[in-house]
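Reviewing the structure listed below.
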Amino acid sequence: MKPDVVVIGAGIAGLSAAVWLSDAGLKVSVLEASDVPGGRARSWADPVMGDSVDIGPHILLNKYANMRTLLQRLGTADQVLWQTEELLTVFDRGRSMHFKVGGLPAPLHYIRNLPRILPSVPLRHLLSNTRLAWRTQRSSGPELMQLDDRSGREHLVRCGVSDFFIDWFWASAAIAVLAVPVERCSAASLMRLLAQALGHEDIAFGMPKVGLSDLYAWPAIEFIRRHGGEVQLGCGVDGFLREQGRVTGVHLSDGAKVQAPAVVLAVQPTAIAPLLPETHALAQTARRFQPSPYISCYLWFDRPITASRFWARPWNPEGFNTDFYNLTNIRPATRGGALIASNIIWSQRVEHLSDAAIIEATRREIAEFAPEAQRAALLSASVHRIPMAIPAAFPGTETARPSTAVEPGLWLAGDWLDTGLPYCMESATRAGALAAEAVLAERGLGRSLALPPPKPSGLGRWLRTGEAGEDF
Numbered sequence: 061m062k063p064d065v066v067v068i069g070a071g072i073a074g075l076s077a078a079v080w081l082s083d084a085g086l087k088v089s090v091l092e093a094s095d096v097p098g099g100r101a102r103s104w105a106d107p108v109m110g111d112s113v114d115i116g117p118h119i120l121l122n123k124y125a126n127m128r129t130l131l132q133r134l135g136t137a138d139q140v141l142w143q144t145e146e147l148l149t150v151f152d153r154g155r156s157m158h159f160k161v162g163g164l165p166a167p168l169h170y171i172r173n174l175p176r177i178l179p180s181v182p183l184r185h186l187l188s189n190t191r192l193a194w195r196t197q198r199s200s201g202p203e204l205m206q207l208d209d210r211s212g213r214e215h216l217v218r219c220g221v222s223d224f225f226i227d228w229f230w231a232s233a234a235i236a237v238l239a240v241p242v243e244r245c246s247a248a249s250l251m252r253l254l255a256q257a258l259g260h261e262d263i264a265f266g267m268p269k270v271g272l273s274d275l276y277a278w279p280a281i282e283f284i285r286r287h288g289g290e291v292q293l294g295c296g297v298d299g300f301l302r303e304q305g306r307v308t309g310v311h312l313s314d315g316a317k318v319q320a321p322a323v324v325l326a327v328q329p330t331a332i333a334p335l336l337p338e339t340h341a342l343a344q345t346a347r348r349f350q351p352s353p354y355i356s357c358y359l360w361f362d363r364p365i366t367a368s369r370f371w372a373r374p375w376n377p378e379g380f381n382t383d384f385y386n387l388t389n390i391r392p393a394t395r396g397g398a399l400i401a402s403n404i405i406w407s408q409r410v411e412h413l414s415d416a417a418i419i420e421a422t423r424r425e426i427a428e429f430a431p432e433a434q435r436a437a438l439l440s441a442s443v444h445r446i447p448m449a450i451p452a453a454f455p456g457t458e459t460a461r462p463s464t465a466v467e468p469g470l471w472l473a474g475d476w477l478d479t480g481l482p483y484c485m486e487s488a489t490r491a492g493a494l495a496a497e498a499v500l501a502e503r504g505l506g507r508s509l510a511l512p513p514p515k516p517s518g519l520g521r522w523l524r525t526g527e528a529g530e531d532f
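Printed below as a string of structure tokens:
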């Protein structure tokens, strides 16, 4: 097949671009160096228990329109379980707090949680966020990006937030969404998170009822092939073909060449440098994006241990896991009495520990929330060490995020692009759609594929300053 477009990488961004390009009638060749698709959001069958396990548990957000649209196109949107009865449960110092949203227009929708919060957080510490919330809610996207030169904690302190509340809430929010401690994350990244949270009174989390590869990767590959394209696994790329100042194809690792009038590069930033000259602008930009590592654990118990689907613990650098998923209550096909998945974020602090030590610590933290886990027999356990879960949102990285166009014939896709979103599956999906739009536009095929980041609703819509399109 002589492709119209070569896509390098079969993660979310690459497959998103390839699906929309295939849908527009182009012949697409997807080249993936790994033997399995999915990139940093993939799954496989556990070799002992046989259950489908993800590289690490992922959640979706109902406000992320690009991922939901892609799943609709692939026919798998019904494979997401939406948690609408509550937002999440936080287990703090032996007490479970069940957070809900709604009831009042944004940004007043969190007021209903005050009775749950006040036993743990004195009112004066909650009120220390007033100036921060007002300033953030009034800021436009470009104004928030001006905060990229400082850390999250530095900005919170400047806005009068108490140290107690920073440690109780903001430290956990930074780790959970940005995968970086609040002392080291970009204030711009953190405040965009606040702006989005304040602007929506109906947020809900979604959890895949199947493995991530079955949710999107294999269905996308089937879609691409059904539309006349191809997906080659175990097919690495080590450079680009160029002619008269334009990228015209790729060099494969086995020495072969593939000609194509358009190439979409959809790999993580740490994989960019080997493909480009050291002085190339994109190679220099990519070096600014450092990895945030995770360790994800899967524990199988011989009996049910809790009716909860999902709970979190406040960030504690002396602890291990931050979020837990009872996959038995999410994925009916799981074996054993209970399968619990968890994430250790910013995991370099425990990287030196053995798998056995990490499993024991994880079991202990599970049992603090669900005591039955201590009495249950552990049937099996696995530890997934993930060198780069997402790029680390350090100060200076938010304004360094690149755009889609790289050079004639070459476009970029990935969660680390300037998508108006945190590094996440939605950002990767939107970046893929933006790349597809750009490739089609050059061919004179105007398509509107990328849906905008979520816009504020309720009172937040009227408080926001800035021009249209400058919300985040």
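Each step along the sequence shown adds one to the number in this note's numbering, with nothing skipped, and position 428 is 488.
Using N, Cα and C, we set each Cβ at its ideal position, and we do this for glycine too.
Item	Value
N- and C-terminal bounds of the alpha helix (DSSP H) containing W278	278-286
Helix, strand or coil at A398 [DSSP, three-state]	strand
Endpoints, the beta strand (DSSP E) within which G309 is located	306-312
For A437, the nearest candidate out of S222, N389, I446, R363 (CA to CA)	R363
Under the three-state DSSP convention, the category I418 falls into	helix
Entirely enclosed beta strand (DSSP E) segments - the region 110-150, minimum 3 residues	112-114, 140-143
Residue burial classification, R347 (beta-carbon count within 10 angstroms, cutoff 16)	exposed
7 Å CB neighbourhood of L433 in its chain, flanking five on each side removed	A small correction: the amino acid at residue 433 is Ala; Leu does not occupy that position in the sequence shown. Around A433: F361, I365, R423, I426, A427.
Cα-Cα separation between L192 and T479, rounded to whole angstroms	24 Å
Check whether A491 and S82 have beta carbons under 9 Å apart	no
Boundaries (first-last residue) of the beta strand (DSSP E) holding H158	155-159
Contact test: A488 Cβ vs the ligand ZN heavy atom, cutoff 8 Å	Absent from the structure shown: the ligand ZN. Ligands present: none.
Distance, R133 Cα to Q256 Cα	26 Å
Candidates E486, A401, L472, of which the one nearest V499 by Cα	L472
Sequence-distant residues of the same chain with beta carbon closer than 6 Å to R367, five excluded per side	According to the sequence provided, residue 367 is Ala. The question's Arg does not apply to it. Once the five neighbours on either side are set aside, A367 has no close Cβ partner at all.
Between the CA atoms of Q292 and W278 - distance to the nearest angstrom	12 Å
Other residues of its chain near A421: CB distance less than 7 Å, five sequence neighbours each side excluded	F380
Host beta strand (DSSP E) of P353 (start-end)	351-361
Exposed unless 16 or more other CB atoms sit within 10 angstroms - verdict on D475	buried
Span of the beta strand (DSSP E) around G299	297-303
Paired residues, beta bridge with P241 - DSSP	BP columns for P241 are empty, so no partner.
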